[in-house]
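Below: one structure, written as structure tokens.
2 protein chains.
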Amino acid sequence: MSNSVKKAFEIIKFISNNQGKLSLSELGRQLNMNKTTMFRYLETLEDLNILERRGSNWYLGIELFSLGHKVDANSRIVERIHPQLVEISKRLNETVNLVGMYDNSALYLDKVESNRALQIRSQLGDRLPLHCTSLGKAIFSCLPLDEADNILNIIELKPYTYHTVTSIVELKKQIEFVKINGYSLETEELEPGLSCIAVPLHIESIDFYGGLSFSGSPDRFIEEKVKELSVELKALASKILAMF
Amino acid sequence: MSNSVKKAFEIIKFISNNQGKLSLSELGRQLNMNKTTMFRYLETLEDLNILERRGSNWYLGIELFSLGHKVDANSRIVERIHPQLVEISKRLNETVNLVGMYDNSALYLDKVESNRALQIRSQLGDRLPLHCTSLGKAIFSCLPLDEADNILNIIELKPYTYHTVTSIVELKKQIEFVKINGYSLETEELEPGLSCIAVPLHIESIDFYGGLSFSGSPDRFIEEKVKELSVELKALASKILAMF
DNA sequence: TACACTGTTACAAATATGTGAACACTATTT
DNA sequence: AAATAGTGTTCACATATTTGTAACAGTGTA
Chain W
1 MSNSVKKAFE
11 IIKFISNNQG
21 KLSLSELGRQ
31 LNMNKTTMFR
41 YLETLEDLNI
51 LERRGSNWYL
61 GIELFSLGHK
71 VDANSRIVER
81 IHPQLVEISK
91 RLNETVNLVG
101 MYDNSALYLD
111 KVESNRALQI
121 RSQLGDRLPL
131 HCTSLGKAIF
141 SCLPLDEADN
151 ILNIIELKPY
161 TYHTVTSIVE
171 LKKQIEFVKI
181 NGYSLETEEL
191 EPGLSCIAVP
201 LHIESIDFYG
211 GLSFSGSPDR
221 FIEEKVKELS
231 VELKALASKI
241 LAMF
Chain S
245 MSNSVKKAFE
255 IIKFISNNQG
265 KLSLSELGRQ
275 LNMNKTTMFR
285 YLETLEDLNI
295 LERRGSNWYL
305 GIELFSLGHK
315 VDANSRIVER
325 IHPQLVEISK
335 RLNETVNLVG
345 MYDNSALYLD
355 KVESNRALQI
365 RSQLGDRLPL
375 HCTSLGKAIF
385 SCLPLDEADN
395 ILNIIELKPY
405 TYHTVTSIVE
415 LKKQIEFVKI
425 NGYSLETEEL
435 EPGLSCIAVP
445 LHIESIDFYG
455 GLSFSGSPDR
465 FIEEKVKELS
475 VELKALASKI
485 LAMF
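The listed protein sequences derive, respectively, from chains W and S. In terms of this note's numbering, the first sequence is residues 1 to 244. In terms of this note's numbering, the second sequence is residues 245 to 488.
This is how it looks when you write it as structure tokens:
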């Protein structure tokens with residue numbers, strides 16, 4: 001395999017998590033690469049507009065922006081579903097989110113925000129952990145049993161807040177709840193001040209495993225509201241399934 | 245400079261414009277690379293999730309999606325402006341667009357769609373030509389004179405439709421119009437059935453040259469409407485400038 | 001059965017890469 | 001004003017990686 005290509009992307013990925021913080025020399029040290037080597041890679045990537053230098057700090061470049069928006073994530077599933085998200089978000093004035101499963105995490109594919117949208121940390125393209133998000137739990141509930149077990153064995157139940165579920169037994173219980181009730185709940189397990197309610201979205205024909213959720217402030221998701229929202233999400237999922 | 249990194253991105257870029265159409269061997273032929281060489285690059289890029297293979301066709305991979313959404317395009321200008329676009333789009337029920345200038349073209353940075361949004365070909369991340377878009381003309385009007393002249397000399401006035409301006413004299417006239425009136429118009433020059441009205445957006449402090457536009461069906465942009473919309477766009481631009 | 005097309009592996013030859021040292025800067029510290 | 005520590009950049013050279021040829025395996029078609 002191509003070593004230099006791998007290294008180039010190692011650099012790109014590292015910069016993506018540390019934009020504007022690192023100089024050429026710093027990068028060399030942190031990634032154990034010679035300064036000259038680093039120089040040549042950065043020079044090339046800058047020339048391609050994949051990276052961008054401002055002063056002596058490095059950022060992801062505009063070409064990645066272009067490429068990123070051309071990704072045909074699962075047969076343009078995002079584009080096809082988007083109008084449905086807009087409709088439900090407007091009608092109920094809720095923030096609605098779409099994720100798909102990739103590499104044992106939930107890739108944040110799309111969202112449509114409500115008026116009262118909170119400022120949350122996650123952004124499109126981020127990978128959300130499966131164990132402490134309603135979306136993750138919803139995904140677990142629709143995965144083939146053996147695959148779900150595999151992942152449950154592999155993943156680390158990293159605590160993000162004091163509410164994060166870190167017991168595998170408890171997590172499995174919650175997944176059972178989703179299987180029975182068809183929706184999942186999560187209260188400030190990932191981010192303080194943020195709750196979600198989600199349903200699984202499994203599109204068999206294109207081998208898509210994902211989920212749909214409403215997110216918002218925990219105090220808004222009281223019991224009766226949850227009932228109502230879960231019904232809405234299930235209806236949305238059905239409507240989407242009918243499109244494929 | 246790093247040859248293999250350049251080649252890798254040549255492949256990625258080529259695939260981005262021909263997703264799902266090309267096999268390994270085809271790619272090798274079209275890009276004048278040896279089959280084995282191509283094999284090794286594709287293998288590596290697939291391993292990195294930068295490319296994705298379905299059957300024997302190639303697509304951009306999910307990792308590019310992630311990276312693309314982390315691009316800090318001009319100090320998160322998109323994120324900061326987005327809420328303003330949402331507000332005006334909802335209030336007037338118009339589709340509003342934001343572009344920034346990069347590499348002699350207008351990079352499509354953000355849009356918020358109206359109810360009656362047309363299905364247009366362009367998508368976020370695309371580069372729009374400057375000469376036949378209202379946004380391009382708006383950008384010309386705010387660029388430093390010498391830079392505008394430079395670009396006008398370089399760019400090719402490629403015709404996209406029967407309405408595309410292909411005369412440099414006429415184009416300069418239109419740019420003068422923008423300078424005097426503060427907004428620009430374009431009627432089906434890029435895509436049949438699509439018109440735009442735009443204003444320049446020049447944020448000096450961050451060296452940003454771009455534009456804001458409403459887009460829609462040509463028959464809707466009658467004269468009085470244009471007046472009204474241009475006033476709205478100018479107000480929006482002022483509001484945004486005040487944020488920086 | 002032969003043909004044309006896929007994708008894949010192995011190897012020797014050609015080339016790009018990695019390295020450390022030396023250089024030119026700028027900003028702080030002494 | 002001199003010394004220091006930090007940038008980024010260029011050079012030459014041995015090493016390691018990439019490259020292309022050729023051969024092989026698989027699939028579908030004539």
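All C-beta atoms, glycine included, are put in the ideal place defined by N, C-alpha and C. Just so we're clear, the structure is a prediction, and the values are computed from it rather than from any experiment.
Shown in chain order are the members of the stretch 341-353 of chain S whose Cβ falls below 9 Å from a Cβ of chain W: G344, Y346, D347, L351, Y352 and L353. Considering only beta carbons, the part of the stretch 268-287 of chain S lying closer than 7 Å to chain W consists of R284, Y285 and E287, in chain order.
Pairing S/C440 with S/R284, the inter-Cα distance amounts to about 45 Å.
Within its own chain, the residues whose Cβ lies closer than 7 Å to the Cβ of S/E432, once the five positions on either side in sequence are excluded, are T405, H407, L438, S439 and P462, listed in chain order.
Excluding the 5 residues flanking it on each side, W/L27 has same chain C-beta neighbours closer than 8 Å at I11, F14, I15, M33, M38, L42 and W58, in chain order.
S/V409 and S/P373 have their C-alpha atoms roughly 12 Å apart. Note on the stretch 88-149 of chain W: whole alpha helix (DSSP H) runs with a minimum of 4 residues are 134-142, in chain order. By the criterion of a C-beta distance shorter than 8 Å, W/G68 is surrounded in its chain by G125, once the five residues flanking it on both sides are discounted.
Per DSSP, the beta-bridge partners of S/G460 are S/S439.
Taken in chain order, the members of the stretch 364-388 of chain S whose beta-carbon sits within less than 9 Å of a beta-carbon on chain W are Q367, L368, G369, D370 and R371.
Under the Cβ distance rule, S/M487 does not count among the residues neighbouring chain W, no pair being separated by less than 8 Å. The alpha-carbon of W/K137 is positioned some 15 Å away from that of W/Y108.
Close to chain W, meaning a Cβ-Cβ distance shorter than 8 Å, is no residue of the stretch 452-469 of chain S at all. By DSSP's assignment, W/H202 forms a beta bridge with W/Y209. With distances taken between CA atoms, W/T36 lies nearest to W/L24 out of W/L24, W/E156, W/L145 and W/L236.
Closer than 8 Å to the CB of S/F258 there is not a single CB belonging to chain W. Think of a sphere of 8 Å around the beta carbon of W/H202: no beta carbon from chain S falls inside it, the nearest being about 18 Å out. DSSP places W/N57 within a strand segment (E or B) once states are collapsed to three. In the three-state DSSP reduction, W/S184 falls in the strand class (E or B). At a cut-off of 8 Å between beta carbons, S/V249 contacts chain W. Our two residues, S/I447 and W/Q30, have alpha carbons roughly 35 Å apart in a direct line.
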